[in-house]
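>
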Amino acid sequence: MARRLSYSARYTHPAEKIYQALSQKNYWEDLMEGFRELTPISSVREFEQNGDGIRVVLEQTITRDMLPPIAQTVMMKDMLITRIETYGVLDGESKRTTGTYTASIPAGPGSLTGEQELFPTETGCTIRKTTEVKVYIPFVNAKLEQLMLVNLVDLFRGEAEFTSTWVQDNIA
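Written out as structure tokens, the structure reads:
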């Protein structure tokens with residue numbers, strides 16, 4: 734059975750500035766540089782920003798010994814995570830855009846998909862992420878799904894803090 738999570742990152746910056754950051758390859762490279770503290774092998778594999786929006790492919794490797802014991806029971810090798818994020822073009826009037834994200838693990842025991850929306854608020858803007866996690870291994874699926882969701886909240890929170898600081902330091 735799949736589990737779902739909704740997470741909202743709230744920013745004091747306007748939506749245009751957050752979108753401007755997401756539109757720059759160096760933002761994503763700096764984000765991956767920050768991840769290297771936790772996952773030494775982290776990189777931007779692809780980046781595209783054009784008239785259709787933004788598409789970025791990120792790769793991170795978590796060594797097997799860094800995985801929680803329950804995850805080590807199903808992952809016999811290091812875990813290579815490929816994450817693909819998209820955002821459409823920011824609407825000039827509404828200052829909104831939507832996109833998707835996925836995370837995949839070769840020979841992994843499940844899937845992670847989601848939708849995201851960037852929209853303005855009275856105090857800045859919000860990125861809302863709605864995630865669905867599925868693990869296909871009987872008896873441990875619920876525990877692994879819950880573990881993934883807990884880690885996603887930490888990931889989303891860390892990325893929001895990074896983004897806020899990055900915009901403050903890099904976008905005029």
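For reference, each letter of the sequence shown is one residue, going 734 to 905 in the numbering used here. Glycine is no exception: its CB is placed at the ideal position from the N, C-alpha and C atoms.
Three-state secondary structure (DSSP) at GLN757?
Taking the first residue of the sequence shown as 1, we reach residue 757 at position 24. Looking at GLN757 - three-state DSSP - the assignment turns out to be coil, as it is neither helix nor strand.
> According to the neighbour-count rule (16 or more other Cβ atoms, all chains shown, within 10 Å of its Cβ), is ASN759 buried or exposed?
Within the sequence shown, numbered from 1, the residue matching residue 759 stands at position 26. Exposed, since its Cβ has fewer than 16 Cβ neighbours within 10 Å.
> Compare the beta carbon distance of THR830 and GLY847 with 8 angstroms and say whether it is the shorter of the two.
If you number the sequence shown from 1, residue 830 lands on position 97. If you number the sequence shown from 1, residue 847 lands on position 114. No, the Cβ-Cβ distance between THR830 and GLY847 is not below 8 angstroms.
> Report yes if the C-beta distance between THR819 and GLY786 is below 8 angstroms; otherwise report no.
Taking the first residue of the sequence shown as 1, we reach residue 819 at position 86. Taking the first residue of the sequence shown as 1, we reach residue 786 at position 53. Yes. Within cutoff.
> How close, in whole Å, do the beta carbons of ILE817 and GLN793 come, if the pair is a contact with beta carbons under 8 angstroms?
For the purposes of this step, residue 817 is taken as residue 84 along the sequence shown, with counting starting at 1. For the purposes of this step, residue 793 is taken as residue 60 along the sequence shown, with counting starting at 1. 13 angstroms between Cβ atoms; not a contact.
> What are the residues that DSSP puts in a beta bridge with THR833?
Along the sequence shown, read from residue 1 onward, the residue named residue 833 stands at position 100. Answer is GLU848.
> Using the rule of at least 16 other Cβ atoms within 10 Å of the residue's Cβ for burial, across every protein chain shown, is ALA875 buried or exposed?
Here residue 875 refers to the residue found at position 142 of the sequence shown. By the neighbour-count rule (16 or more Cβ atoms within 10 Å), ALA875 is not buried but exposed.
> If you run the structure through DSSP and keep just helix, strand and coil, what is TYR820?
As a working mapping, residue 820 is identified with position 87 in the sequence shown. Of the three classes helix, strand and coil, the one that applies to TYR820 here is strand, per DSSP.
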